[in-house]
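Chemist: FYI, the numbering for the sequence shown is 10 to 279, going by our numbering.
Cβ coordinates follow ideal geometry from the N, Cα and C atoms, glycine included.
Before I ask anything, let me first share the structure, which is written out below as structure tokens.
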Amino acid sequence: MKVHTYRFSVDDNILFLKDLHKSDYNSIFEQPYLSFWKKMHDTYNTKIQFNIHGTIDGFTLENLSAKYKPEWIQNSDWIRLVFHQWEEPDRHFSNAEMNPEKIKTDYKRVTSQIIRFAGEKLTSPYITVHGASGGKEVCAALKECGVKGLGAGTWKLPGGEYNMSYYLSQGQINELGKTGMLFDTETGLYFFSFDVILHRKSFSAEKLIFIIKQIFKNTHHWPHLEITFEEWAFTPFHRGFLSDAMKRAELVLKFLCKNNSKAVFLEDIL
């Protein structure tokens, strides 16, 4: 299998938006985190989807000024800002805690704010719910909101089985883990697997390249690669901070660029 395209998404984003709110930047790219990703775009022609939360430490998206909206729109060819969860990243919900009305309310609340301060061009119908949580009714509610696909974690557990996500059966998860993409005819939703998880502390940057090469050789995998990272890996005071986070991202992007893999958003290919 030759990977023709890849999507690079970053989960748990909220801190850089809080920083934009409290700082008096002339440009969004004066903000250090966004400055790094702009450099990656300029150097490797990558595109980045930021999956964002609605609040943290008293800050909410409603607090964020729309003064940068023209600049966000100007860079909508390579940036997406997409719902992840309303609550802060440390709050995780089980499937049992989720319900259709809450997910609809939270999705609309986050998405409406993104449209207000950045513009509708930066939204995407392909999202990842924080923790890949939500039963069939919750996922159906998201479909009613215009969502077309959901990101899922399919890493293998110690017993050899794949990690469960959303309402998917073990058989569906197994298929997703092998092929990278699944369409559920019952709900009409796509599910896509995160193939390369950059924030695993036990993996070196070189190990991540090895994983990508192995996926390249997998003839059962669809010709697309999903790569994911976390904002907290770039945050020095966070317990998950990785001192080599930028190195990891750049090494992977450089490798993909060298191997002629094209950065896309899922709405470009599905």
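Does Thr-137 come out as helix, strand or coil in the three-state DSSP assignment?
Modeler: Secondary structure at Thr-137: coil, using DSSP grouped into helix, strand and coil.
Chemist: Quick one: what's got a C-beta closer than 7 Å to Ala-214's C-beta in the same chain, skipping five residues either side?
Modeler: Asp-253, Lys-256, Arg-257, Leu-260
Chemist: Identify whether Leu-177 lies in helix, strand or coil by the three-state DSSP scheme.
Modeler: coil
Chemist: Where does Gln-40 fall in DSSP's three states?
Modeler: coil
Chemist: Go ahead and pull the three-state DSSP assignment for Leu-159.
Modeler: strand
Chemist: With C-beta atoms as the reference, is Leu-234 less than 8 Å away from Ile-224?
Modeler: yes
Chemist: Can you give me the start and stop residues for the alpha helix (DSSP H) that Val-119 sits inside?
Modeler: Its alpha helix (DSSP H) spans residues 109-126.
Chemist: Among residues of its own chain, excluding the 5 on either side of His-229, which ones have a beta-carbon nearer than 6 Å to its beta-carbon?
Modeler: Cβ neighbours of His-229 beyond the five flanking positions: Lys-187, Thr-188.
Chemist: So, at 7 Å on beta carbons, what are the nonlocal neighbours of Phe-102 in its own chain, with the 5 sequence-adjacent residues on each side left out?
Modeler: Gly-140, Ser-142
Chemist: Hey, which unbroken runs of the alpha helix (DSSP H) at 4 residues or more fall wholly within the stretch 238-268?
Modeler: 254-267
Chemist: Can you name, in chain order, every residue of its own chain whose Cβ lies under 8 Å from the Cβ of Phe-274, other than the five neighbours on each side?
Modeler: Around Phe-274: Arg-16, Lys-56, Gln-58, Arg-89, Ser-133, Tyr-135.
Chemist: Whose CA, out of Glu-110, Glu-276, His-62, Tyr-42, lies closest to the CA of Asp-99?
Modeler: His-62
Chemist: Where Ile-206 and Thr-237 are concerned, what is the direct C-alpha to C-alpha distance, given to the nearest angstrom?
Modeler: 5 Å
Chemist: According to the neighbour-count rule (16 or more other Cβ atoms, all chains shown, within 10 Å of its Cβ), is Asn-22 buried or exposed?
Modeler: buried
Chemist: Suppose you measure from the CA of His-208 to the CA of Gln-179; what does that come to, to the nearest Å?
Modeler: 25 Å
Chemist: How about Ser-270 and Thr-14: do their beta carbons lie closer than 8 Å?
Modeler: yes
Chemist: Taking Phe-59 as part of the beta strand (DSSP E), name the residues at either end of that continuous run.
Modeler: 57-62
Chemist: On the three-pair Cβ rule with 8 Å, is the stretch 109-116 touching the stretch 67-78?
Modeler: no
Chemist: Can you tell me the Cα-Cα spacing of Tyr-77 and Asn-268, whole angstroms?
Modeler: 35 Å
Chemist: Report the residue from Phe-38, Val-147, His-50, Asp-86 whose alpha carbon sits nearest the alpha carbon of Leu-177.
Modeler: Checking every option, the nearest Cα to that of Leu-177 belongs to Val-147.
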